[in-house]
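J.: Pasting a structure here, questions to come.
Numbering (our numbering), first residue to last: 6 to 344.
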């Protein structure tokens, strides 16, 4: 019980201190898992054995089955995405993850089913299997934690008093027009603009000019704001030098700090992109929140996978550190201490 309380309190403290911390997803998932098993234990202690059985049958039978179905779904989603969005490398991510999940199931069945004596006679294959299983656990746990907390983060109540609303740019249609994706970001920002209680709030249109674009993304956003909305020109600031999400925030922060001391920001992007963007804002010591706009359903799985991969790259040294215990076990096993 004390362990469960400790984990839950650690999450609450971390969340209240800064809801953009990268530790929050891990602590959130640990809180859910520990609370789930403790609740099952309480049912057992109070004589509800059938409910207790149902609690413990889920993670060991139903959860693997759902994971198997998710592998099939991701492959199907990948096919749909490729048909609608084209054959870019990023669009293969959901299909690739689905294949990886199914391959792992095949490997687990092969190994745990005891259908091949090589696993019992070949030390290297045992180590290879342990490495693969460990990798699945580490990256799978982190992925689920990221997804769940990203969803939770979207529902965190937003303040009404911001100094600046940042609209993150995206690729343009025909090099000069906003795409449906970018239009949704702008519309969401305009909605927040009208809800704001700050009469001096301004919108920062952020995004540089790509090699295949006739104007900057910031200019395209501005054109849309002036032509399609009632946002006045003096409430719009152009930031047309950024090339990445990090630069969107960095350059927008610099512009904001020239006008307001310790400004509060609201950055608007797609729902799948909000949490990772918030981690960059935290790194830049920006005060404020993220606001997500709707994304086409078929695009969400691949988008979340892409966001997760980007975070893994950002935290590569932490992930590598998790392999130290496994490496120690492997070295000990070769020395005959274990196995």
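Every residue, glycine too, gets a C-beta built ideally from N, C-alpha and C.
Does the region 41-58 touch the region 75-82, meaning 3 or more C-beta pairs lie closer than 8 Å?
T.: Touching, no, given that fewer than three Cβ pairs across the two stretches are closer than 8 Å.
J.: With DSSP collapsed to three states, give me the class of residue 93.
T.: Looking at residue 93 - three-state DSSP - the assignment turns out to be coil, as it is neither helix nor strand.
J.: Between which residues of its own chain and residue 257 is the CB-CB distance below 6 Å, once the five residues before and five after are set aside?
T.: Excluding residues within five positions, the ones whose Cβ falls inside 6 Å are 171, 209, 211 and 244.
J.: Contact defined as beta carbons within less than 8 Å: I believe residue 138 pairs with residue 31. What is the distance between those atoms, to the nearest angstrom?
T.: So it is not a contact: roughly 20 Å between Cβ atoms.
J.: Using a 10 Å radius around the Cβ and a threshold of 16 neighbouring Cβ atoms, would you call residue 261 buried or exposed?
T.: Its Cβ being crowded by 16 or more others within 10 Å, residue 261 is buried.
J.: Alpha carbon to alpha carbon, how far is residue 270 from residue 299?
T.: Near 20 Å, if we compare the C-alpha coordinates of residue 299 and residue 270.
J.: What whole-angstrom Cβ distance do residue 277 and residue 327 have, given they're in contact under 8 Å?
T.: Contact doesn't hold; Cβ gap of about 25 Å is too wide.
J.: Write down the C-beta distance between residue 293 and residue 167 rounded to the nearest angstrom, noting that I regard them as a contact closer than 8 Å.
T.: Going by Cβ atoms, the distance from residue 293 to residue 167 rounds to 6 Å, so yes, they are a contact pair.
J.: From residue 133 to residue 331, what distance separates their C-alpha atoms?
T.: The straight-line gap from Cα to Cα measures roughly 11 Å.
J.: Taking only three categories from DSSP, how would you classify residue 276?
T.: Reduced to three states, the DSSP call for residue 276 is helix.
J.: Under the rule that 16 or more other beta-carbon atoms within 10 Å means buried, what is residue 275, buried or exposed?
T.: Under this definition residue 275 is a buried residue.
J.: May I ask you to check if the CB of residue 9 is nearer than 7 Å to at least one heavy atom of the ligand NAD?
T.: With respect to the ligand NAD, the structure offers nothing, as it holds no ligand at all.
J.: Looking only at its chain, what residues have a beta carbon closer than 6 Å to the beta carbon of residue 85, apart from the 5 residues adjacent to it on each side?
T.: Once the five neighbours on either side are set aside, the close Cβ partners of residue 85 are 303.
J.: Quick one: grab the DSSP three-state call for residue 266.
T.: DSSP places residue 266 in coil when its eight states are reduced to three.
J.: Is residue 4 near residue 70, with beta carbons less than 8 Å apart?
T.: In the structure as shown, the chain begins at 6 and stops at 344. Residue 4 is therefore absent and cannot be evaluated.
J.: CB-CB under 6 Å to residue 287, same chain, minus the five flanking residues each way: which ones, in chain order?
T.: Within the same chain, residue 287 has close Cβ partners 25.
J.: Shortest alpha-carbon distance to residue 64 belongs to which of 311, 106, 42 and 317?
T.: Nearest option by C-alpha distance: 42.
J.: What three-state label does DSSP hand residue 3 in the structure shown?
T.: The question about residue 3 has no answer, for the chain in this structure spans 6 to 344.
J.: To the nearest angstrom, report how far apart residue 273 and residue 115 are at their CA atoms.
T.: Taking the straight line joining both Cα atoms gives about 47 Å.
J.: Is the beta carbon of residue 240 sitting closer than 8 Å to the one on residue 207?
T.: Result yes, Cβ atoms of residue 240 and residue 207 sit closer than 8 Å.
J.: With DSSP as the reference, label residue 58 as helix, strand or coil.
T.: Helix, per DSSP.
J.: In this structure, what does DSSP give as the bridge partners for residue 182?
T.: According to DSSP, residue 182 bridges with 178.
J.: Return helix, strand or coil for residue 218, following the three-state DSSP convention.
T.: In the structure shown, residue 218 sits in coil (DSSP, three-state: anything other than H, G, I, E or B).
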